[in-house]
Amino acid sequence: MTLLTYRDALNQALREEMQRDDRVFLMGEEVAEYDGAYKVSRGLLKEFGPKRIVDTPIAELGFAGIGVGAAMVGLRPVIEMMTWNFALLAIDQIVNAAAKMRYMSGGQFGVPIVFRGPSGAALQLGAQHSQAFESWYAHIPGLKVVAPATAADAKGLLKSSIRDDDPVIFLEGEMLYNLKGEVPEGEHVVPIGKAEIKRAGSDVTLIGHSKTVAVALKAADQLAELGVNAEVIDLRTIRPLDTEAILNSVSRTNRCVVAEEGWPFAGVGAQVVDLIQRDAFDALDAPVLRVTGADVPMPYNKHLEKAAKADVGKVVEAAKKVLYMAAS
Amino acid sequence: MATSTRPERASGDAGTAELFRHYLRQMLLIRHFEEKAGEAYSLGKIGGFCHLYIGQEAVAVGSIAALRPDDYITSAYREHGQALARGITSRAVMAELFGKATGCSHGRGGSMHLFDAGLGFLGGHAIVGSHIPIAAGAAFAIKYRGGDQVSVCYFGEAAANIGAFHETLNMASLWDLPAVFICENNGYGMGTAVARASAVKSLSARGNAYDMPAEAVDGQDVLVVREAMDRAVARARTESKPTLLEIRTYRFVGHSMSDAAHGTYRTKDEVEEYRRRDPIKVLAERMRTDGTLDDARWSALETEVKAEIDDAYTFAEASPDPDPSELYANVYAGGDAKREVRGGKAS
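Order-wise, the sequence lines are chains A and B.
Taking the working numbering, I'd label the letters of the first sequence as residues 62 to 389.
Taking the working numbering, I'd label the letters of the second sequence as residues 105 to 451.
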């Protein structure tokens, strides 16, 4: 185990996978000579050279499509989006090409590609740079959607994603890059599609992914002070969703709160609620509640921004509601 | 930029005569295939959208003749002609149009999504211009692996106005990718004449913007197309440099099956005028002049091709639909053909 930042854990995963498989290359804006806009690719140009660490012009649609074509004929591209906000320009390639190619070719052309980059709001970056798009991509059959919350999972899930034979949307928490954690050295692979219980509990299940895992864990600490023993689940993968982990937990705790950074309408939490009401209806002692980002474009003002984000206080309040505890 | 001229090559020797006959047969095959597809569509045997290639046959035949079996081809949604010229059988293409399990995309693609991995045929793409970067991606992979294959991309002139075209041609030239970008300029993007859509009237001039060699080519003469393609392919294969070919052609039929050949955006006279330079007629007349084609040979060829198309039609009709239990097959690699892979359980 080594104490690494989430950023360096991603860097380690990229380096190890590029050493292991010469079909893997990294392409995107500023990934090479600048060492990565967020320094995830630091040092990789020096080690692997410009053939495999490829700087692009600002042309998200174009280089996303170049990645798709390269993947169709046997390479394993990792396409970095400087942020997922910019990937909106490339979404035609992700949704219309990468996700559908295997199916519409009758199984002849798979697209083993990873689209990765920072997702979600940071601090005061304004409406166009503060968005969480996991529910958009999770809606699409053919895509897998991964959103690690810890340094160890960042490494293990990125390695799995690069080895996966299908297109993977890999969402890195922009605010998580400096987060430190113990990361296993060498071959550390976390399977796609497996959630993790971050804290065992019996009174209520708090579900999060990416940044909201830390939010849920802090909420669980506060709830403990009120005598509530909360279980915290990190989804880690949004699609395919680990339905078993969710249902097992809720069938024990009988209550659930789902927290996410994204907007409420048709969000990830809506899918989780659909699952629980259908397959764990009899276990429920209260309606499942959701904590989401406010249903607004992200405001710049820091007080408004704080008000718009899912936070510990909102998760604690939601948990108290599903436990029918008096509001504080 | 150069405008190519008619090649001097004559069909005098036996090898050339055989080659010309091959071109003629392929163009006739595409023509009769498309006519049959049009009939089948009218009878409700083919669903969805269906875009015919009638009038443009020399583009696919002349250009694909310059390729090696290990080269890659990526096309748009008017791709029956390229698929057939590449060697996907008329049976497999017709069956795909019919949505049958024996189709080249196993009934999952349809007219606009023809694929054949064994022939390096990377589709059949139905979002205008979206496949241009995909073709460049195949070219990127060729260069990455140090190979000498070529990646060819076909798109209509209307696609030259979309962002993907600009982004891709810039990167292809910047990175010296072994690609040939074939802009099939048939004069209209659906019903919008090129002059109403592109500020630059000569699309080959767009190559200048990317420092990319470009040519305007007469797309009604298969021999002109072949020679221009030979130059472009050589540039890609030996120098690893891309080329933009604007191949000027004309579709004799409507944009799709729901569009009349003339009436709203173009006149009957205009269509008649272009039909005088039917690519099949252009080659056949040349061969007659050279003495390698006569009435007997022509009717023998017609009979042979029509028999092949009739066989393809019968095959497509008789073929089974895909098994409904395989609805979920190939959404993911190794996925369960019978079950959804998703957020909830299959219910």
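The beta-carbon is built from N, C-alpha and C at its ideal position, and this holds for glycine as well.
Quick caveat: nothing in here was measured; it's all calculated off a predicted structure.
Note down, in chain order, every chain B residue with its Cβ under 9 Å from the Cβ of residue 99 of chain A.
Simply none; closest approach about 23 Å.
Please go through the same chain and pick out, in chain order, the residues whose beta-carbon is closer than 7 Å to the beta-carbon of residue 278 of chain A, but skip the five residues on each side of it.
Contacts found: 259, 260, 293.
Within its chain, find whatever has a CB closer than 6 Å to the CB of residue 374 of chain A; leave out the 5 residues flanking it on each side and keep chain order.
none
What residue from B/279, B/227, B/196 has the CA that sits closest to residue 259 of chain B's CA?
Nearest option by C-alpha distance: B/227.
In the region 126-139 of chain A, which residues sit with their C-beta less than 9 Å from some C-beta in chain B, listed in chain order?
126, 127, 128, 129, 130, 131, 132, 133, 134, 135, 136, 138
Can you name, in chain order, every residue of its own chain whose Cβ lies under 7 Å from the Cβ of residue 100 of chain A, other than the five neighbours on each side?
68
With a cut-off of 8 Å, does the C-beta of residue 95 of chain A fall near any C-beta of chain B?
no
Can you have a look at residue 265 of chain B and say buried or exposed, based on whether 16 or more other CB atoms are within 10 angstroms of its CB?
buried
Taking the CB atoms as reference points, tell me whether residue 275 of chain B and residue 174 of chain A lie closer together than 8 Å.
no
Give a yes or no on whether the C-beta atoms belonging to residue 354 of chain A and residue 320 of chain A are separated by under 8 Å.
Judged by their CB atoms, residue 354 of chain A and residue 320 of chain A are not nearer to each other than the 8 Å cut-off.
Let me check understanding here. Comparing Cα to Cα, which of A/203, A/238, A/205 lies closest to residue 215 of chain A?
A/238
Would you decide whether residue 77 of chain A is buried or exposed? Buried here means 16 or more other CB atoms lie within 10 Å of its CB.
By the neighbour-count criterion, in which a residue is buried when 16 or more other Cβ atoms sit within 10 angstroms of its Cβ, residue 77 of chain A is buried.
Strictly below 8 Å CB to CB, what residues from chain B border residue 471 of chain A?
Residue 471 of chain A cannot be examined here, being either before or after the span of chain A that is shown, 62 to 389.
In chain order, what residues of the same chain have a beta carbon less than 8 Å from the beta carbon of residue 342 of chain B, not counting five sequence neighbours either side?
252
Flag residue 209 of chain B as yes if its beta-carbon sits less than 8 Å from any beta-carbon of chain A, otherwise no.
Interface residue, yes.
Of all Cβ atoms in chain B, is any one closer than 8 Å to the Cβ of residue 81 of chain A?
Output row for residue 81 of chain A: interface = no.
Who are the neighbours of residue 457 of chain B on chain A, taking C-beta pairs under 8 Å?
With chain B covering 105 to 451 only, the question about residue 457 of chain B has no answer from this structure.
Looking at the unbroken beta strand (DSSP E) that takes in residue 65 of chain A, where does it start and where does it end?
63-66
Taking C-beta pairs closer than 8 Å, name the residues in chain B that residue 86 of chain A reaches, listed in chain order.
248
Which residues in the same chain have their Cβ closer than 6 Å to the Cβ of residue 73 of chain A, if we skip the five residues on either side of it in sequence?
216
Could you check what DSSP says for residue 368 of chain A in three-state terms: helix, strand or coil?
Helix.
Could you name the residues of chain A that residue 219 of chain B contacts, counting a contact when the two beta carbons are closer than 9 Å?
Listed along the chain, the chain A residues whose CB falls inside 9 Å of the CB of residue 219 of chain B are 162, 165, 166, 167, 169, 170.
Grab the span of the alpha helix (DSSP H) containing residue 325 of chain B for me, first residue to last.
Segment: none, residue 325 of chain B is in no alpha helix (DSSP H) and carries neither H nor E.
Check residue 451 of chain B in the structure and name its three-state DSSP category.
Below a pLDDT of 50, predicted positions are generally treated as unreliable, and residue 451 of chain B, at 34, falls in that range; no measurement from the model is reported.
Check the DSSP bridge columns for residue 180 of chain A and list the partner residues they point to.
A/234
Check whether the region 280-297 of chain B and the region 346-354 of chain B are in contact - that is, three or more C-beta pairs closer than 8 Å.
yes
Tell me whether residue 136 of chain B is buried or exposed, calling it buried when 16 or more other Cβ atoms sit within 10 Å of its Cβ.
buried
Applying a beta-carbon distance threshold of less than 8 Å, which residues of chain B neighbour residue 255 of chain A?
Here the premise fails: no neighbours, minimum Cβ distance about 14 Å.
Select from B/119, B/388, B/442, B/297 the residue whose C-alpha is nearest the C-alpha of residue 366 of chain B.
B/297
With distances taken from CA atoms, which of A/347, A/359, A/257, A/348 is nearest residue 309 of chain A?
A/257
Taking only beta-carbon atoms, is residue 268 of chain B less than 8 Å away from chain A?
yes
Looking at the C-beta of residue 435 of chain B, does it have a partner C-beta in chain A at a distance below 8 Å?
Using beta-carbon distances, residue 435 of chain B counts as an interface residue toward chain A, with a partner under 8 Å.
Can you give, in chain order, each stretch of the alpha helix (DSSP H) that sits fully within the region 251-304 of chain B and has at least 4 residues?
Runs found: 267-278.
Pick helix, strand or coil for residue 122 of chain A, following the three-state DSSP scheme.
helix
Using the three-state DSSP reduction, which class does residue 140 of chain B fall into: helix, strand or coil?
In this structure, residue 140 of chain B counts as helix in the three-state DSSP scheme.
Can you tell me the Cα-Cα spacing of residue 111 of chain B and residue 170 of chain B, whole angstroms?
Summary for residue 111 of chain B: the model assigns pLDDT 49, below 50, so the residue's position carries little reliability; its value from the coordinates is reported in the next sentence. Spanning the two alpha carbons is a distance of roughly 15 Å.
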